[in-house]
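Engineer:
Below, the structure written as structure tokens:
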């Protein structure tokens, strides 16, 4: 049966070109006041002014739900490490008590702690935990997210992580797009020989992941002490040859060349981008690569510098925002906090942040034609907020204003 | 009827001396695992290990509620400006679009916007809005908050704000302690003559507020361009003479002398403290003045510098944490975000932040003997969180982990 959501004070449709938004187009929210959205069979049948939508042939017989507030496309979180075994509470305690990164590492913390825990955890428990976390994302208005492997760093454990994503998809309505991030770090077994590890991934891991269709994307962490730009390009090209869409973690800690390395392999997005230079930005604009910015991690790490959103937008690079949810550097699942951090620390306007977390997030996952806008024919993924004005989602911060989430036309979360 | 909350994985009691916590005592959480809390007539009858509490004479007949997770004393938010007429969305939009503070002010923004809106708003609407906001605090685990006037800055409008707090108290179970902050800024009517305005408050406003018993505390903003340290001491002494407990906004923007000015008048807390020097810290320790730190506002303003919590704690000053919830510089009602910001930006440990937001928050409001700890005989104000370990409340950030709030023994919020 069709559902008619009525009484919406402000609906942001993000109707527009069938392409990622860049420049001034990032501020075009497609705002409709006193709006309604009509949904049938998981698809948006009509969206716009309440009066216009009420005239649709399906409206009369539809189930009416009066919602009020602000309605957006469900958030599309294009960068998460949401599958992991346990939070890094010990590291957190040590860090807040003044321990250095080296001291934490010496105590068995850091990524090695996550790797050990992931290798030990059974798949069933991993999937159940991920599904529980997915519930927290849904409550905050996120309807789709990318999920990376990368805390196993062995054939079996990377496969286990991706199989856990697949198994969790049966337990939660949140749509998850898996990414193989076996090239997250060099595991102890290959210590000192990053290239040998990449060769191993290409020879052993990628084919298995491809055969089981366990991942859509392949990603690599291009940074000093991890993988070089040359290695990133070579690896991502090999992955692309096996059918994976490349992504890259680039210029997070320094300007090292990862952005252009990713672009050379056809990366759909270059993520973090904290330290991009003009040449990187020009290359992204040229290639149409999306910059996925992750400012919540900057907050958690206590960094002074945030990603240069204004330069990227001024130069015409489409910008997406994502949580970077992960146990080591960003334990935040709420996209609303990311919106706020992007406004207050990256100089983005509320309109730009909302575009970046919806339509551009969808494009960063190759789903722009299907998700990220409230337009007839697109998937009915919606988030409703207790607010009179959409800017409140960015202005009030550190909490959750979402009161209802709709995935493929079904209400999957509703605050009583 | 008595209620028995059972199955609590971790209960932080903060049992201890009947005094604000300082130094190493701020890390003593009184953690009990596998705990229970027994409540009768709004008072805690027993709290501790599940087995011990089950032997209490009231336990057998009590209504049992299995809750799991982490239980804390309800947060005591000792510094908010929660009564105001409207969010400053226009200012926010201008600021994120690059406008300077001067440009925002020239467009009618800043505190003048809040003053105009407050003076126009009827008392009933103001009270209803405050009660709605109080609901958001309750959902995040806050059971008591201080609420300041200070957006009216005229006799009638300041009275209206405080009367709205009193009226709102009939509409929400959240306990609110009102503070007269008529000395927030010099209003247009007294432009250029701060002393004349203070004399007016002392002569006209304080006596009326005292006569109607509308406020517990009197507060002043001591900062360059607002009120001098000499004015602050004189004003707060006059207020104290009329029965108000002094508080002070001090060293927020610069080291200006407000902390010692407040102490000279017997301030119970000195709030913000971003720019305190060693002499200020020594004076606070000497006087037993509580430093109420407000790091969420630093985040919102994009500041690099945060309050020096480590120095304060090292020197034995009792530290409280509060939201500073207000429409201009901190639209955040969630104490959990404050905990996280204090850990990641002020170097506080999770234990210290939780102490600062509960027991020390209560002492900052003069309620330490009654609130802020889960100890037999104290008021049954509790917050329950969906977490296995209390550190998760600080570690995960930007969202709400609270699932149930109990005020005076009654469940006032429960997530389904």
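Chains as they are written, first to last, in this note's numbering: chain A, -15 to 400; chain B, -15 to 400.
Note that CB positions come from ideal geometry on N, CA and C, so glycine has one too.
As the structure is a prediction and not an experimental result, all values here were calculated from the model.
Against chain A, with Cβ distances strictly below 8 angstroms, would residue 80 of chain B count as a contact?
Structural biologist: Within the second chain, the letter at position 96 stands for residue 80 of chain B. At least one chain A Cβ lies under 8 angstroms of residue 80 of chain B.
Engineer: Is the beta carbon of residue 348 of chain B sitting closer than 8 angstroms to the one on residue 252 of chain B?
Structural biologist: As a first step, residue 348 of chain B must be located in the second chain, where it is residue number 364. As a first step, residue 252 of chain B must be located in the second chain, where it is residue number 268. In this structure, residue 252 of chain B lies closer than 8 angstroms to residue 348 of chain B by Cβ.
Engineer: How long is the line joining the alpha carbons of residue 219 of chain B and residue 176 of chain B, rounded to whole angstroms?
Structural biologist: Here residue 219 of chain B is taken as the residue at index 235 of the second chain, counted from 1. Here residue 176 of chain B is taken as the residue at index 192 of the second chain, counted from 1. Between residue 219 of chain B and residue 176 of chain B, the C-alpha separation is close to 17 angstroms.
Engineer: With a CB to CB cut of under 7 angstroms and the five nearest residues on each side skipped, what residues in its chain are close to residue 384 of chain B?
Structural biologist: By one-based count along the second chain, residue 384 of chain B stands at place 400. Excluding positions up to five away in sequence, the list reads 123, 124, 318, 320.
Engineer: Beta-carbon of residue 1 of chain B versus every beta-carbon of chain A: anything under 8 angstroms?
Structural biologist: Within the second chain, numbered from 1, the residue matching residue 1 of chain B stands at position 17. No, its Cβ sits nowhere closer than 8 angstroms to a Cβ of chain A.
Engineer: Can you tell me the Cα-Cα spacing of residue 173 of chain B and residue 300 of chain A, whole angstroms?
Structural biologist: For the purposes of this step, residue 173 of chain B is taken as residue 189 along the second chain, with counting starting at 1. For the purposes of this step, residue 300 of chain A is taken as residue 316 along the first chain, with counting starting at 1. The straight-line gap from Cα to Cα measures roughly 48 angstroms.
Engineer: According to the neighbour-count rule (16 or more other Cβ atoms, all chains shown, within 10 Å of its Cβ), is residue 35 of chain A buried or exposed?
Structural biologist: If you number the first chain from 1, residue 35 of chain A lands on position 51. By the 10 Å Cβ count, residue 35 of chain A comes out exposed.
Engineer: Whose C-beta lies closer than 7 angstroms to the C-beta of residue 217 of chain A among residues of the same chain, with five residues either side of it excluded?
Structural biologist: Sequence index remark: in the first chain, residue 217 of chain A carries index 233 (1-based). Closer than 7 angstroms at Cβ, skipping near neighbours: 245, 248, 249.
Engineer: Residue 73 of chain B versus chain A: which residues are under 8 angstroms apart at the beta carbon?
Structural biologist: The residue given as residue 73 of chain B occupies position 89 in the second chain. Under the 8 angstroms cutoff, chain A gives 373, 375, 376, 379.
Engineer: Going along the chain, which residues of the region 296 to 322 of chain B sit with their C-beta nearer than 7 angstroms to a C-beta in chain A?
Structural biologist: Cβ contacts with chain A come from 315, 316, 317, 318, 321.
Engineer: Are residue 222 of chain B and residue 189 of chain B closer than 8 angstroms when you measure CB to CB?
Structural biologist: Along the second chain, read from residue 1 onward, the residue named residue 222 of chain B stands at position 238. Along the second chain, read from residue 1 onward, the residue named residue 189 of chain B stands at position 205. Contact flag unset, no.
Engineer: What are the boundary residues of the alpha helix (DSSP H) that residue 369 of chain A is part of?
Structural biologist: Working through the first chain from its first residue, we reach residue 369 of chain A at position 385. Counting along the chain, residue 369 of chain A falls outside any alpha helix (DSSP H), though it belongs to the beta strand (DSSP E) covering 366 to 369.
Engineer: How many whole angstroms separate the CB atoms of residue 309 of chain B and residue 80 of chain B, which I take to be in contact at a CB cut-off of 8 angstroms?
Structural biologist: Within the second chain, the letter at position 325 stands for residue 309 of chain B. Within the second chain, the letter at position 96 stands for residue 80 of chain B. Wrong, their Cβ atoms sit about 20 angstroms apart, outside the cutoff.
Engineer: What did DSSP end up calling residue 259 of chain A once you bin it into helix, strand or coil?
Structural biologist: Taking the first residue of the first chain as 1, we reach residue 259 of chain A at position 275. Looking at residue 259 of chain A - three-state DSSP - the assignment turns out to be coil, as it is neither helix nor strand.
Engineer: Taking the beta carbon of residue 391 of chain A as the centre, do at least 16 other beta carbons fall within 10 Å, making it buried, or is it exposed?
Structural biologist: Along the first chain, one-based indexing puts residue 391 of chain A at 407. Residue 391 of chain A comes out buried.
Engineer: Note down the Cα distance separating residue 355 of chain B from residue 316 of chain B, rounded to an integer number of angstroms.
Structural biologist: Against the second chain, residue 355 of chain B aligns to sequence position 371. Against the second chain, residue 316 of chain B aligns to sequence position 332. Residue 355 of chain B and residue 316 of chain B: Cα-Cα distance of roughly 23 angstroms.
Engineer: According to DSSP, simplified to helix, strand and coil, what is residue 26 of chain B?
Structural biologist: On the second chain, residue 26 of chain B is found 42 positions in, with the first residue counted as 1. Reduced to three states, the DSSP call for residue 26 of chain B is coil.
Engineer: For residue 90 of chain A, count neighbouring Cβ atoms within 10 angstroms of its own Cβ and tell me buried if that reaches 16, exposed if not.
Structural biologist: Along the first chain, read from residue 1 onward, the residue named residue 90 of chain A stands at position 106. By the neighbour-count rule (16 or more Cβ atoms within 10 Å), residue 90 of chain A is not buried but exposed.
Engineer: For a test of the three-state rule: what should DSSP assign to residue 33 of chain A, helix, strand or coil?
Structural biologist: Taking the first chain and counting its residues from 1, one reaches residue 33 of chain A at position 49. Strand at residue 33 of chain A.
Engineer: Entirely within the region 168 to 205 of chain A and at least 4 residues each: give me those alpha helix (DSSP H) ranges in chain order.
Structural biologist: List check, alpha helix (DSSP H) in window: 178 to 184, 190 to 195.
Engineer: Pick helix, strand or coil for residue 359 of chain B, following the three-state DSSP scheme.
Structural biologist: Residue numbering aside, residue 359 of chain B sits at position 375 when the second chain is read from its first letter. If DSSP states are grouped into helix, strand and coil, residue 359 of chain B belongs with coil.
Engineer: What does DSSP give as the partner residues of residue 57 of chain B in its beta bridges?
Structural biologist: Counting from one through the second chain, the residue named residue 57 of chain B turns up at place 73. DSSP lists B:366 as partners of residue 57 of chain B.
Engineer: Can you check which of these residues, A:365, A:333, A:107, is closest to residue 78 of chain B by C-alpha distance?
Structural biologist: Position 94 of the second chain, counted from the first residue, corresponds to residue 78 of chain B. Per the Cα distances, A:333.
Engineer: How big is the Cα-Cα spacing for residue 117 of chain A and residue 66 of chain A?
Structural biologist: For the purposes of this step, residue 117 of chain A is identified with residue 133 of the first chain, where counting begins at 1. For the purposes of this step, residue 66 of chain A is identified with residue 82 of the first chain, where counting begins at 1. Whole-angstrom Cα-Cα distance: 8 angstroms.
Engineer: Suppose the cutoff is 6 angstroms on Cβ atoms and the five residues either side in sequence are ignored; what does the same chain contact list for residue 135 of chain B look like?
Structural biologist: Walking along the second chain from the start, residue 135 of chain B turns up at place 151. 68, 98, 99, 102, listed in sequence order.
Engineer: So with Cβ pairs under 8 angstroms, would you call residue 334 of chain A a contact of chain B?
Structural biologist: The residue given as residue 334 of chain A occupies position 350 in the first chain. Residue 334 of chain A counts as touching chain B.
Engineer: Residue 96 of chain A to residue 170 of chain A, Cα distance in whole Å?
Structural biologist: Residue numbering aside, residue 96 of chain A sits at position 112 when the first chain is read from its first letter. Residue numbering aside, residue 170 of chain A sits at position 186 when the first chain is read from its first letter. If I take the Cα positions, the gap works out to 10 angstroms.
Engineer: Between residue 39 of chain B and chain A, is the shortest Cβ-Cβ distance under 8 angstroms, so that the two count as touching?
Structural biologist: Sequence index remark: in the second chain, residue 39 of chain B carries index 55 (1-based). By this cut-off, residue 39 of chain B is not an interface position.
Engineer: Could you tell me which whole beta strand (DSSP E) segments of length 3 or greater appear in the region 84 to 135 of chain B?
Structural biologist: The qualifying runs are 126 to 132.
Engineer: Could you please tell me which residues of the region 116 to 127 of chain B, in chain order, have their CB closer than 9 angstroms to any CB of chain A?
Structural biologist: Going along the region 116 to 127 of chain B in chain order, one finds 120, 123, 124 with a Cβ nearer than 9 angstroms to chain A.
Engineer: Quick test of the definition: if touching needs 3 or more C-beta pairs under 8 angstroms, does the region 275 to 294 of chain B touch the region 323 to 331 of chain A?
Structural biologist: Output reads yes: the region 323 to 331 of chain A touches the region 275 to 294 of chain B.
Engineer: Where does the unbroken beta strand (DSSP E) through residue 49 of chain B begin, and where does it stop?
Structural biologist: For this step, residue 49 of chain B is matched to residue 65 along the second chain. First-last of the beta strand (DSSP E) with residue 49 of chain B: 47 to 50.
Engineer: Applying a beta-carbon distance threshold of less than 7 angstroms, which residues of chain A neighbour residue 98 of chain B?
Structural biologist: Numbered from its first residue, the second chain carries residue 98 of chain B at position 114. Those within 7 angstroms of residue 98 of chain B in chain A number zero; the least Cβ separation is about 14 angstroms.
Engineer: Mind listing the chain B neighbours of residue 384 of chain A? Cutoff is C-beta to C-beta under 7 angstroms, in chain order.
Structural biologist: Locating residue 384 of chain A in the first chain gives position 400, where the first residue counts as 1. In chain order: 383, 384.
Engineer: Taking 6 angstroms as the limit between beta carbons, can you name the residues of its chain near residue 23 of chain A, skipping five residues before and five after?
Structural biologist: Looking up residue 23 of chain A in the first chain gives position 39. -13, 364, 393, listed in sequence order.
Engineer: Counting contacts by CB-CB distance shorter than 8 angstroms, is residue 389 of chain A in contact with chain B?
Structural biologist: Mapped onto the first chain, residue 389 of chain A falls at position 405. Output row for residue 389 of chain A: interface = no.
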